[in-house]
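Student: Starting off with a structure, shown below.
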Amino acid sequence: MNTLAKILAPVLVLVYTVTSSYAAYEVASCDSNPDFTANSCNECFIGGTVTQGDNKGLLTDVWKNTSDASQVLFKEEQELPQIIGLNGATWTEVKASESVDFWQYTVDLDALYDEEQLGYALTAGSEVTWIESTLGSAYQLSSNPAAAGENVGIIAYDIATHQVQEGGELTVDADITRECVLFTSAEGETPVTPTPPTTPTPPTELPKTGPEHVLLALAALLLGFGFLKFRRKA
Numbered sequence: 017m018n019t020l021a022k023i024l025a026p027v028l029v030l031v032y033t034v035t036s037s038y039a040a041y042e043v044a045s046c047d048s049n050p051d052f053t054a055n056s057c058n059e060c061f062i063g064g065t066v067t068q069g070d071n072k073g074l075l076t077d078v079w080k081n082t083s084d085a086s087q088v089l090f091k092e093e094q095e096l097p098q099i100i101g102l103n104g105a106t107w108t109e110v111k112a113s114e115s116v117d118f119w120q121y122t123v124d125l126d127a128l129y130d131e132e133q134l135g136y137a138l139t140a141g142s143e144v145t146w147i148e149s150t151l152g153s154a155y156q157l158s159s160n161p162a163a164a165g166e167n168v169g170i171i172a173y174d175i176a177t178h179q180v181q182e183g184g185e186l187t188v189d190a191d192i193t194r195e196c197v198l199f200t201s202a203e204g205e206t207p208v209t210p211t212p213p214t215t216p217t218p219p220t221e222l223p224k225t226g227p228e229h230v231l232l233a234l235a236a237l238l239l240g241f242g243f244l245k246f247r248r249k250a
């Protein structure tokens with residue numbers, strides 16, 4: 017599968033409520049994994065398995081108001097999603113251009129702007145896709161030393177909304193929901209077996225042909241010759 021296909025294939029749809037049919041990923045109990053607890057998650061999803069080089073793009077989130085009153089969202093209070101590497105895995109933000117942001121608010125959210133509330137109002141029982149990754153943007157698993165089944169990344173962020181009270185006033189304190197999507201390793205990097213060091217072979221000794229060796233050779237010949245002559249005289 018080429019890089020473009022990897023970017024376009026997976027679609028992440030996070031949902032403000034676990035009852036929505038928009039949940040593309042499996043809903044999980046936030047007590048089911050210690051990484052959910054460590055990241056203070058209270059809306060949790062299983063993102064599936066990934067291998068090194070995989071991309072998670074075309075990301076969106078749906079805000080659904082399941083209360084019996086309108087809710088108001090202020091962009092200034094929102095924490096944009098980010099991915100956190102786990103167990104030594106690293107992720108890279110891939111973008112079509114450095115001049116574009118990774119995340120953007122949708123035109124559907126902008127259409128909900130309320131001049132009176134100075135924010136974006138969602139009526140009870142309604143829902144809207146409020147945030148999306150820009151075209152060509154994706155989270156890429158750039159390195160993965162984790163074993164199969166280990167957690168390698170978690171997308172985590174807060175959604176802050178205010179409830180509209182009976183008199184039209186907003187609750188002072190925002191209701192915070194921290195959404196998390198957990199990814200696990202399908203296959204880690206193949207371990208590299210270190211090559212044992214080789215013992216160097218001693219160099220073959222060259223024949224000794226220097227002047228001193230020639231003299232020693234001649235002396236040995238003369239001694240041998242003298243020994244033969246001595247024996248003949250005897």
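For the sequence shown, position 8 (counting from the first letter as 1) is numbered 24 according to my numbering, and the numbering increases by one without interruption. Ideal placement from N, C-alpha and C gives every residue a C-beta, glycine not left out.
(1) Taking the DSSP output, what are the residues bridged to Asn-71?
(2) Take Gly-183 as the anchor and find which of Ser-159, Ser-86 and Val-144 has the nearest alpha-carbon.
(3) Do Val-66 and Ala-202 have their beta-carbon atoms positioned less than 8 angstroms apart in this structure?
(4) Which partner residues does Arg-57 have in the DSSP bridge list?
(5) Where does Asp-126 sit, in a helix, a strand or coil, going by DSSP?
(6) Can you confirm whether the stretch 74 to 90 touches the stretch 140 to 155 when touching is taken to mean that 3 or more C-beta pairs between the two stretches lie within less than 8 angstroms?
(7) Since Trp-107 sits in a beta bridge, which residues does DSSP pair it with?
(8) Whole-angstrom Cβ separation of Leu-198 and Ile-170, contact assumed at under 8 angstroms?
(9) Is the stretch 88 to 95 close to the stretch 120 to 139, with three or more CB pairs under 8 angstroms?
(10) Mind reading off the beta-carbon distance from Asn-58 to Thr-193? Whole number of angstroms is fine, and I expect it under 8 angstroms.
(11) What's the C-alpha gap between Leu-24 and Gly-152?
(12) May I have the straight-line CA-CA distance separating Val-43 from Cys-196, to the nearest angstrom?
(13) Once the 5 residues before and after Thr-106 are set aside, which same chain residues still bring their CB inside 7 angstroms of it?
(14) Under a three-way DSSP split, which group does Phe-199 fall into?
(15) With a threshold of 16 other CB atoms inside 10 Å of the CB of Leu-96, please say whether the residue is buried or exposed.
(16) Sort Glu-93, Val-123, Ala-154 and Leu-128 by Cα distance to Val-116 and report the nearest one.
(17) By Cβ distance below 6 angstroms, which residues in the same chain neighbour Pro-210 in space, the five residues on each side in sequence not counted?
(18) Taking just the CA atoms, how far does Glu-185 sit from Val-83?
(19) Compute the Euclidean distance between the alpha carbons of Gly-101 and Ser-142, then round it to the nearest angstrom.
(20) What is the DSSP secondary structure of Glu-93, counted as helix, strand or coil?
(21) Closest by CA to Val-180, which one among Gln-133, Asn-71 and Phe-52?
(22) If contacts are defined as beta-carbon pairs under 8 angstroms, then Tyr-41 and Gly-63 qualify, I think. What distance do you get, rounded to the angstrom?
Tutor: This is what the structure holds:
(1) Here residue 71 corresponds to residue number 55 of the sequence shown, with the count starting at 1. Gln-156, per the DSSP bridge assignment.
(2) Indexing the sequence shown from 1 puts residue 183 at position 167. Of Ser-159, Ser-86 and Val-144, the residue nearest in Cα terms is Ser-86.
(3) Indexing the sequence shown from 1 puts residue 202 at position 186. Indexing the sequence shown from 1 puts residue 66 at position 50. Yes. Within cutoff.
(4) Reading the sequence shown from its first residue, position 41 is the one you call residue 57. The sequence given here places Cys at residue 57; Arg does not occur at that position. Per DSSP, none; premise fails for Cys-57.
(5) To locate residue 126, count along the sequence shown from 1; it is residue 110. Residue state, collapsed to three classes: helix.
(6) yes
(7) Locating residue 107 in the sequence shown gives position 91, counting from the first residue. Paired residues: Leu-157.
(8) Position 182 of the sequence shown holds residue 198. Position 154 of the sequence shown holds residue 170. With a Cβ gap of about 5 angstroms, Leu-198 and Ile-170 count as contacting.
(9) yes
(10) Within the sequence shown, residue 58 is the residue found at index 42, counting from 1. Within the sequence shown, residue 193 is the residue found at index 177, counting from 1. That belief holds up - the Cβ atoms of Asn-58 and Thr-193 are roughly 6 angstroms apart, short of 8 angstroms.
(11) Your numbering for residue 24 matches position 8 in the sequence shown. Your numbering for residue 152 matches position 136 in the sequence shown. Caution is warranted here: a pLDDT of 40 is assigned to Leu-24, below 50, making its placement in the model unreliable, and no coordinate value can be reported.
(12) The residue labelled residue 43 in the question sits at position 27 within the sequence shown. The residue labelled residue 196 in the question sits at position 180 within the sequence shown. One C-alpha to the other measures close to 10 angstroms.
(13) Your numbering for residue 106 matches position 90 in the sequence shown. The residues are Ser-158 and Ser-159.
(14) Position 183 of the sequence shown, counted from the first residue, corresponds to residue 199. Strand at Phe-199.
(15) Numbered from its first residue, the sequence shown carries residue 96 at position 80. Classification of Leu-96: exposed, given that the 10 Å Cβ count is below 16.
(16) Within the sequence shown, the letter at position 100 stands for residue 116. Closest by alpha carbon: Ala-154.
(17) Here the question's residue 210 lines up with position 194 in the sequence shown. Residue placement at Pro-210 is flagged as unreliable, the pLDDT there being 45, under the threshold of 50; the coordinate-derived value follows with that caveat. Same-chain partners within the cutoff: there are none.
(18) As a first step, residue 83 is located in the sequence shown; it is residue number 67 there, counting from the start. As a first step, residue 185 is located in the sequence shown; it is residue number 169 there, counting from the start. The amino acid at residue 83 is misidentified as Val; the sequence shows Ser. Ser-83 and Glu-185: Cα-Cα distance of roughly 16 angstroms.
(19) Walking along the sequence shown from the start, residue 101 turns up at place 85. Walking along the sequence shown from the start, residue 142 turns up at place 126. In a straight line, the C-alpha of Gly-101 is about 34 angstroms away from that of Ser-142.
(20) For the purposes of this step, residue 93 is taken as the residue at position 77 of the sequence shown. Correct three-state label for Glu-93: helix.
(21) Start at 1 with the first residue of the sequence shown, and residue 180 comes out as number 164. Val-180 has its Cα closest to that of Gln-133, out of Gln-133, Asn-71 and Phe-52.
(22) Here the question's residue 41 lines up with position 25 in the sequence shown. Here the question's residue 63 lines up with position 47 in the sequence shown. Sure, about 5 angstroms apart at Cβ, within 8 angstroms.
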